[in-house]
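Asker:
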Amino acid sequence: MKNKIFVIWIIALVWVGCDRREIPTFDTKEYYIEFENATVDSTIFTFIYHPTADYYDLPIVMQIAGEAAGRDLAYKLSVNEKLSSAEVKHYTMPEKTVIRAGHYQDTCYLRLNKTEDLDGRKIRLVLYLEETSDFAVGKQENAAFIIQFSNTVDRPAWWDSTIEQYYLGTYSEKKFILFLQVTEADLTGASDSQKRAVALKFKQYLIDHKGEPETLENNGQPMTVPVRGLE
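When we follow our numbering, the leftmost residue of the sequence shown carries the number 1, and every step to the right adds one.
#1: Give me, in chain order, the residues of the same chain whose beta-carbon lies closer than 6 Å to that of D134; leave out the 5 immediate sequence neighbours on both sides.
#2: For P222, does the three-state DSSP call read helix, strand or coil?
#3: Going by C-alpha distance, which of A65, H50 and A143 is nearest L58?
#4: Leaving out the 5 sequence neighbours to the left and right, which residues in its chain are closer than 7 Å to R111 when beta-carbon positions are compared?
#5: Compare the beta carbon distance of Y32 and A136 with 8 Å and say whether it is the shorter of the two.
#6: State the Cα-Cα distance for the pair F149 and I48, rounded to the nearest angstrom.
#7: Indicate the three-state DSSP secondary structure (helix, strand or coil) for L206 in the structure shown.
#8: Could you name each continuous alpha helix (DSSP H) segment of 4 residues or more that falls completely within the region 174 to 198, going from the start of the chain to the end?
#9: Spatial neighbours of G229 within its chain, please: CB distance less than 6 Å, with the 5 preceding and 5 following residues excluded, ordered by chain position.
#10: Which same chain residues, not among the five before or five after Y104, have their C-beta less than 7 Å away from its C-beta?
#11: Determine which residues share a DSSP beta bridge with Y49 and list them.
#12: Can you look up Y32 in the DSSP assignment and give me helix, strand or coil?
#13: Could you compute how far the alpha carbon of A101 sits from the alpha carbon of N80?
#14: Helix, strand or coil for V137, going by three-state DSSP, please let me know.
#15: In this structure, how does DSSP classify T107 when only helix, strand and coil are distinguished?
See below:
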């Protein structure tokens, strides 16, 4: 509930002062810019998936609400410092913020920097759109973009009951970290065959390193996975 209230608050603040005209879809020379994802769909990122990286270029998809233009159109991204806990050291804004001629969508890249303080906390960065000579701001619910990032370990949403029962077994933080080190895999949206292939790779590692400290849970029991194969 607190998260929902926070998102509503962000939308309200970002939209203060914006033009509330209806957004046209065709037959107009005025262009409207917005984030592809609605503000309620916060982006969550952790460097745990990228243990050797010093930074990560996060793709942000922008879109035109209306017809595509016959020329490049420039838009402007800004940081809402009051609603963000991120400092300048934590990110680098995109160098180029342009929707290319003939495109309804385009992508810019926000650089997230892996600083030492991310090991112990999560950072929030709130971006919002400003009007330019090329663009007015589009729909209210797509006018802000929230990123939460860290270098902390959280159980991923994809490690659900299906993953537990058929592929990787019971979740533990130690198992998850070793899984990432061995496979470097994010199973978000993965097919069953992809899940099985990655689980078998991890299983082979557990077999090859059986009895070693890294493959033992904190209670001393060996890590196991239920995926079938390699017996």
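Even for Gly, the Cβ is constructed at its ideal location relative to N, Cα and C.
Answerer: Let me spell this out:
#1: Excluding residues within five positions, the ones whose Cβ falls inside 6 Å are L73 and A74.
#2: In this structure, P222 counts as strand in the three-state DSSP scheme.
#3: Looking at the Cα atoms, H50 is the closest of the given residues.
#4: If we look at R111 and ignore the five residues flanking it on each side, its Cβ neighbours are Y55, D57, Y91 and T92.
#5: A Cβ-Cβ contact shorter than 8 Å links Y32 with A136.
#6: Rounded to whole angstroms, F149 to I48 spans 10 Å at the Cα level.
#7: L206: helix per DSSP, three-state reduction.
#8: Listed in chain order, nothing qualifies, since the region 174 to 198 has no complete alpha helix (DSSP H) run of 4 or more residues.
#9: If we look at G229 and ignore the five residues flanking it on each side, its Cβ neighbours are L200.
#10: Contacts found: Q63, I64 and A68.
#11: According to DSSP, which records beta bridges pairwise, Y49 is partnered with nothing at all.
#12: Secondary structure at Y32: strand, using DSSP grouped into helix, strand and coil.
#13: A101 and N80 have their C-alpha atoms roughly 29 Å apart.
#14: Here DSSP, grouped into helix, strand and coil, assigns V137 to strand.
#15: Of the three classes helix, strand and coil, the one that applies to T107 here is strand, per DSSP.
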